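Trainee: So that we are looking at the same thing, I have put the structure below in structure tokens.
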Amino acid sequence: MYTNSIFTVTGLLVAAVAAVPKPEFQHHHQHHPKRDIVWVTEYQEVVETIAVTKTVWVKPSQTQATPSSTQEVKQVQPAAYSPAPVAAPAYVAPAAQSEPAAAPAYIAPVSSEPAAASIPTAPAYVAPVSSEAAAVPTSTYVAPPAPYVAPVASSAAAAPASSAAAPSYNSPSDSGSSSGGESYSGDFTWFDVGMGACGFTSTSDQDVVAVSHVLFDKVSTGNSNTNPLCKKIIYLIGADGNTYPGEIVDRCPSCAEGSLDLSESFFKKVTSNGDGRVLNMKWHM
């Protein structure tokens, strides 16, 4: 197309040159003749560039094709002259579009949830069995105090019937007991009473005593609260010769076998002495 345009322009220029009139040289006139009006036609070349775009369909799996170079088409259009027809760009059919790949068949996902575990049944409630045995209250037998019985002096019958013999008193030996019964001789002292070995709490104004550990331990049961001597009534011979009953409530760890430890008020009553110790006192059960 470009070559045809060059030939056309060249032919037009040659024709224009041939059409210019040339005056003939005449000598018979001495003056200059009037010149004719000469029309000069100029042709102007106009070049128009038309961009041609080519669309190429590329499959996803293929490499994209390099687009073709742009073709330039020059068109010569003379002034006041119908331009030569410009050939339309060749139609380039787009490449056949590949059909999209068929979508993969839907596969339902396999459930990943574990199989339902069996629901554990709640264990039956078992009441705890108490391993501690119920505390059985133990009671300590406390013998009631024996009623006070005044000692009866024994009298021996006199040989003559007309006269009565005077009562005789068998004094206990110095060793602590008499040959005829449980009579003892020893020292009387006093102490501050309180909770005794027998498990009782006494006060200083009560007539209570503590016997020697020698006598107390002879009849021990392993529990001082249940010792047979606890709460037993004994009889003390006072300094005035009278007999005074007293109750055993404690054990004296420092007393000799025949000695007694008395409450303070009872000590003063029996001995009639404010001294803390009275020797050679007698008593019996």
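Mapping of the sequence shown onto mature numbering (1 follows the signal peptide of the UniProt record, and there is no 0): residues -19 to -1, 1 to 266, in sequence order. A virtual CB, placed ideally from N, CA and C, is assigned to each residue, including glycine. The structure displayed is predicted, hence computed values, not measured ones.
1) By Cβ distance below 7 Å, which residues in the same chain neighbour S246 in space, the five residues on each side in sequence not counted?
2) Buried or exposed: which applies to S183, given that a residue is buried once 16 or more other Cβ atoms fall within 10 Å of its Cβ?
3) For V259, which option in M176, A220, M266 has the closest C-alpha, if you only look at C-alpha atoms?
4) Per DSSP, M262 forms a beta bridge with which residues?
5) Does W245 come out as helix, strand or coil in the three-state DSSP assignment?
6) Quick one: what's C233 bridged to in DSSP?
7) Would you say L217 and W171 are within 9 Å of each other, going by their C-beta atoms?
8) Can you name, in chain order, every residue of its own chain whose Cβ lies under 7 Å from the Cβ of W264, other than the five neighbours on each side?
9) Since D168 and P226 are thought to touch, with beta carbons under 8 Å apart, how far apart are those beta carbons, to the nearest angstrom?
10) Ignore the nearest five residues each way along the sequence and tell me which others in G177's own chain have a CB closer than 6 Å to its CB.
11) Where DSSP assigns a beta bridge to L217, which residues make up the other side?
12) Could you pull the DSSP bridge partners for T182 from this structure?
13) Could you tell me how far apart the beta carbons of S193 and C236 are, in whole angstroms, since I believe they sit closer than 8 Å?
14) Here's the rule I'm using: 16 or more other beta-carbon atoms within 10 Å means buried, otherwise exposed. How should V251 be labelled?
15) What do you reckon, are the CB atoms on M262 and K213 nearer than 9 Å?
16) Measuring straight from C-alpha to C-alpha, what distance separates F239 and A191?
17) Give every residue of the same chain whose Cβ lies closer than 8 Å to the Cβ of G175, excluding the five residues on either side of it in the sequence, and list them in chain order.
18) Whole angstroms is fine: what's the gap from P41's alpha carbon to V33's?
19) If you check the beta carbons only, do F197 and N206 fall under 9 Å apart?
20) I believe C233 touches C211 by the beta-carbon criterion, under 8 Å. Please report the beta-carbon distance rounded to the nearest angstrom.
21) Could you check which residue in N204, V37, K35, S253 has the C-alpha nearest to that of N223?
22) For G257, name the three-state secondary structure that DSSP assigns.
23) Which of helix, strand or coil does DSSP assign to V251?
24) On the criterion of 16 or more Cβ atoms from any shown chain inside 10 Å, does E26 qualify as buried, or is it exposed?
Mentor: So, from the listed chains and residues:
1) Same-chain partners within the cutoff: S185, D186.
2) Result: buried.
3) Per the Cα distances, A220.
4) G167
5) Before going on, a small fix: residue 245 reads as Glu here, not Trp. Of the three classes helix, strand and coil, the one that applies to E245 here is helix, per DSSP.
6) S193
7) Result no, Cβ atoms of L217 and W171 do not sit closer than 9 Å.
8) Once the five neighbours on either side are set aside, the close Cβ partners of W264 are Y165, I215, Y216, L217, I218, L241.
9) Actually they are not in contact, since the Cβ atoms of D168 and P226 sit about 19 Å apart, beyond 8 Å.
10) V230, D231
11) Y225, W264
12) M176
13) 4 Å
14) buried
15) no
16) Phe is not the amino acid found at residue 239; the sequence shown has Gly there. When rounded, the distance between both Cα atoms is 11 Å.
17) T182, S183
18) Those two C-alpha atoms are separated by around 25 Å.
19) no
20) Wrong, their Cβ atoms sit about 14 Å apart, outside the cutoff.
21) When only C-alpha atoms are compared, the closest one is S253.
22) It is coil, neither helix nor strand.
23) helix
24) exposed
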